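Novice: Have a look at this one before I ask anything.
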Amino acid sequence: MTTDNALRGFMRRRAGLTLTGLVLLGMAGVAEAATPSQWVRSFWPTAKSAGVSWAVYDRALGDFSPDPDVLKKANSQAEFKSQIWDYLDITVTDERVTKGRELLETHATELAAIEKRYGVDREVVVAIWGIESHYGAVLDNPKIVKSTIRSLATLAYKGGRRSKFGRTQLVAALKILQRGDVAHHAMTGSWAGAMGHTQFIPTTYNAYAVDFDGDGRRDIWNSRTDALASAAAYLDKMGWRDDQTWGYEVEFTRSFNFGLLRNGGTRSLGEWEKRGVQRVGGKAFPRPGDSATLYAPAGGQGPAFLLIKNFSVIKRYNNSNFYALAVGHLSDRVRGGDPFHRTWPRTERPLTTAEKEQLQKLLAARGHYDGPIDGKIGSGSRGAIRDYQLQVGLVPDGMDSVKVLKHLEANQ
Ligand code: CA
């Protein structure tokens with residue numbers, strides 16, 4: 151699971167912190183002021199109470215020095231806001247599709263065994279592998295791969311808002327060493343502790359990684375079989391439904407009410423169909439009774455999808471619609487599927503905050519909007535955009551687009 155999403159996942163679960171976690175929180179003030187070696191000593195009781203031996207602890211942290219690159223990354227506010235098509239261009243490349251198809255062949259035997267054991271399609275497992283670590287290629291990239299213990303200790307020691315995450319994950323990582331699944335020097339991962347072919351953070355590893363090749367160690371770094379099985383085991387535990395897909399690309403008939411784009415709720419595929427949402431290419435939904443939600447990341451202008459249960463299971467790996475759509479789409483492509491039927495509105499760019507405020511002002515001036523002028527496009531703003539679009543004959547998708555702003559400016 152990738153860094154920022156792993157962190158977000160951790161933050162979501164913070165309510166479930168263990169006693170160890172609570173002790174760690176109490177130590178935050180002490181840790182901040184210490185030198186690295188003082189900090190290592192101060193952290194020992196926490197590791198010890200988690201069952202870590204002094205020998206393992208000393209080998210892992212005896213010569214600890216913070217990694218300046220980790221600190222730099224931890225303190226940067228790199229909230230990269232991309233359009234979904236930019237994200238998919240990076241994550242679902244032709245190269246990744248081709249490579250994924252090759253790997254389905256070369257790893258057919260173990261993928262079949264994994265699919266049989268966990269009930270998760272091999273194409274989905276391969277897609278996760280492709281997106282998480284570029285099928286393991288990033289593990290050989292010295293610019294990306296770091297010592298997990300050093301990275302997490304750096305976060306724990308001086309990671310600011312990420313130090314709680316660092317402490318919890320450091321304890322989990324030390325427990326991995328204690329159990330002997332991997333040697334200290336071989337336990338590597340991203341700067342924020344996502345490890346191996348499938349980028350598990352240590353707590354996820356401890357809870358879900360499996361030894362599928364039977365050598366007694368859960369080795370997601372060197373055993374592709376263990377790594378892929380671990381990803382499948384995780385999805386299985388999160389509620390993956392066997393023999394089902396993640397969702398379907400759809401298109402709208404003339405009878406479709408675009409007001410349902412944003413707040414259509416959950417309905418059966420058959421109910422959606424009655425409301426003018428059809429599977430692309432004239433294909434039927436295999437199980438019309440499945441519950442589905444509508445997802446139209448580019449509003450009425452680009453590909454849209456009806457999402458079923460397994461989409462939300464993919465999000466348990468990484469809580470992002472973009473991510474889950476990329477995994478779902480890559481899995482379809484490696485299975486032999488086509489690119490999306492509809493095209494993205496690539497000329498579209500996101501509005502700046504100032505433009506969003508201008509949009510709200512213009513909507514307010516026309517009597518569509520009475521909320522705050524804050525540049526935050528929530529349900530009130532979207533409803534106002536939709537009202538305006540309906541009034542002037544634009545597709546009422548409620549999207550805060552350049553097009554709708556220009557239209558408003560031209561019709562003041
Ligand atoms: Ca193994």
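In this note's numbering, the protein residues as written are 151 to 562. Glycine included, each C-beta is placed from N, C-alpha and C at the ideal position. Predicted, not measured: the structure shown is a model, and the values here were computed from it.
Within the present structure, is the beta-carbon of Arg367 separated from the nearest heavy atom of ligand 1 by less than 8 angstroms?
Specialist: Checking the Cβ of Arg367 against ligand 1 gives yes.
Novice: Using only the heavy atoms of ligand 1, determine whether one of them is closer than 8 angstroms to the beta carbon of Thr259.
Specialist: Thr259 Cβ: outside cutoff for every heavy atom of ligand 1.
Novice: Put Val247 into one of helix, strand or coil per three-state DSSP.
Specialist: Val247 falls in the helix class under three-state DSSP.
Novice: On a Cα-Cα basis, can you pick out the residue from Met337, Ala377, Phe214 and Thr348 that is closest to Ala306?
Specialist: Closest option to Ala306, Cα to Cα, is Phe214.
Novice: If you draw a straight line from the alpha carbon of Leu174 to that of Ala303, how long is it in whole angstroms?
Specialist: For Leu174, the pLDDT reaches just 46, beneath the cut-off of 50, and the residue's location in the model is therefore unreliable, although a value from the coordinates is still provided. Distance between the alpha carbons of Leu174 and Ala303 is about 13 angstroms.
Novice: Under 8 angstroms by Cβ, that's how I've got Ala344 and Leu480 pegged, so tell me the actual separation to the nearest angstrom.
Specialist: About 18 angstroms; that fails the 8 angstroms criterion.
Novice: Distance check for Arg246 and Pro546, CA to CA, integer angstroms please.
Specialist: Roughly 36 angstroms between the two C-alpha positions.
Novice: My parser needs the beta strand (DSSP E) runs of 3 or more residues fully inside the segment 422-486; what are they?
Specialist: For the segment 422-486, whole beta strand (DSSP E) runs of length 3 or above, ordered along the chain, are 427-429, 441-445 and 454-457.
Novice: Can you confirm whether the segment 195-208 touches the segment 317-336 when touching is taken to mean that 3 or more C-beta pairs between the two stretches lie within less than 8 angstroms?
Specialist: At 8 angstroms Cβ cutoff, the stretches touch.
Novice: Relative to ligand 1, is the shortest distance from any of its heavy atoms to the C-beta of Ser340 smaller than 8 angstroms?
Specialist: The answer is no for Ser340.
Novice: Please determine whether the Cβ atom of Phe214 lies at a distance below 8 angstroms from any heavy atom of ligand 1.
Specialist: No, since every heavy atom of ligand 1 falls outside the 8 angstroms radius drawn around the Cβ of Phe214.
Novice: What does the Cβ neighbour count give for Ser531, buried or exposed, with the cut at 16 atoms within 10 Å?
Specialist: Burial call: buried.
Novice: Report the rounded CA-to-CA distance for Gly179 versus Ala323, giving the unit in angstroms.
Specialist: Because the pLDDT at Gly179 is just 45, under 50, the model does not fix this residue reliably, and the value given afterwards should be weighed accordingly. Roughly 22 angstroms separates the two Cα atoms.
Novice: I'd like to know whether the C-beta atoms of Gly389 and Val463 end up nearer to each other than 9 angstroms.
Specialist: It is a contact, given that the beta carbons lie within the stated cut-off.
Novice: Going by the beta-carbon positions, is the gap between Trp235 and Ala442 smaller than 9 angstroms?
Specialist: Contact flag unset, no.
Novice: With Leu512 and Asp550 assumed to form a contact (beta carbons below 8 angstroms), what rounded beta-carbon distance in angstroms separates them?
Specialist: Leu512 to Asp550, Cβ: 12 angstroms. No contact.
Novice: Is Phe362 near ligand 1, judged by its Cβ being under 8 angstroms from some heavy atom?
Specialist: Checking the Cβ of Phe362 against ligand 1 gives yes.
Novice: So does Thr375 have its beta carbon nearer than 8 angstroms to some heavy atom of ligand 1?
Specialist: Result yes, Cβ under 8 angstroms from ligand 1.
Novice: Secondary structure at Tyr398, three-state DSSP: helix, strand or coil?
Specialist: Residue state, collapsed to three classes: strand.
Novice: From Ala336 to Trp371, what distance separates their C-alpha atoms?
Specialist: Between Ala336 and Trp371, the C-alpha separation is close to 8 angstroms.
Novice: Cβ atoms of Phe408 and Lys541: under 9 angstroms apart, would you say?
Specialist: One point to set straight first is that residue 541 is Gln, not Lys, in the sequence displayed. Going by C-beta atoms, Gln541 is not nearer than 9 angstroms to Phe408.
Novice: Around the Cβ of Ser340, are there at least 16 other Cβ atoms within 10 angstroms (buried) or fewer (exposed)?
Specialist: Classification of Ser340: buried, given that the 10 Å Cβ count is 16 or more.
Novice: Rounded to a whole number of angstroms, what is the C-alpha to C-alpha distance between Arg417 and Ala474?
Specialist: For Arg417 and Ala474, the distance between alpha carbons rounds to 20 angstroms.
Novice: Below 9 angstroms between beta carbons: does that hold for Pro453 and Phe402?
Specialist: No; because the gap between Cβ atoms is not below 9 angstroms, this pair is not in contact.
Novice: Kindly give me the distance between the Cβ atoms of Val270 and Asp386, rounded to whole angstroms, as I take these residues to be in contact under 8 angstroms.
Specialist: With a Cβ gap of about 6 angstroms, Val270 and Asp386 count as contacting.
Novice: Which of the three DSSP states, helix, strand or coil, is assigned to Ser380?
Specialist: Ser380 falls in the helix class under three-state DSSP.
Novice: Give the DSSP-derived three-state secondary structure of Ser297 in the structure shown.
Specialist: Ser297 falls in the strand class under three-state DSSP.
Novice: By Cβ distance, which residues of its chain are closer than 7 angstroms to Gln319, with the 5 residues on each side in sequence left out?
Specialist: Cβ neighbours of Gln319 beyond the five flanking positions: Leu302, Gly343, Ile351, Pro352 and Thr353.
Novice: For Glu252, does the count of other Cβ atoms within 10 angstroms reach 16, so buried, or fall short, so exposed?
Specialist: The residue is exposed, with fewer than 16 neighbouring Cβ atoms inside 10 Å.
Novice: For Val554, which residues of its own chain have a beta-carbon under 8 angstroms away from its beta-carbon, when the five flanking residues on both sides are left out?
Specialist: Same-chain partners within the cutoff: Leu509, Ile535, Tyr538, Gln539 and Leu544.
Novice: In whole angstroms, give me the CA-to-CA distance for Val202 and Asp524.
Specialist: If you take the alpha carbons of Val202 and Asp524, they lie about 50 angstroms apart.
Novice: Do Leu238 and Ala446 have their C-beta atoms closer together than 9 angstroms?
Specialist: No; because the gap between Cβ atoms is not below 9 angstroms, this pair is not in contact.
Novice: From what residue to what residue does the beta strand (DSSP E) around Ser418 run?
Specialist: From DSSP, the beta strand (DSSP E) with Ser418 extends over Thr416 to Ser418.
Novice: Let's see if you can read the secondary structure: which residues bound the alpha helix (DSSP H) around Ala210?
Specialist: From DSSP, the alpha helix (DSSP H) with Ala210 extends over Trp204 to Leu211.
Novice: Just tell me which of Gly486, Leu410 and Ala263 has its CA closest to the CA of Gly426.
Specialist: Selected option, being the one with the closest Cα: Leu410.
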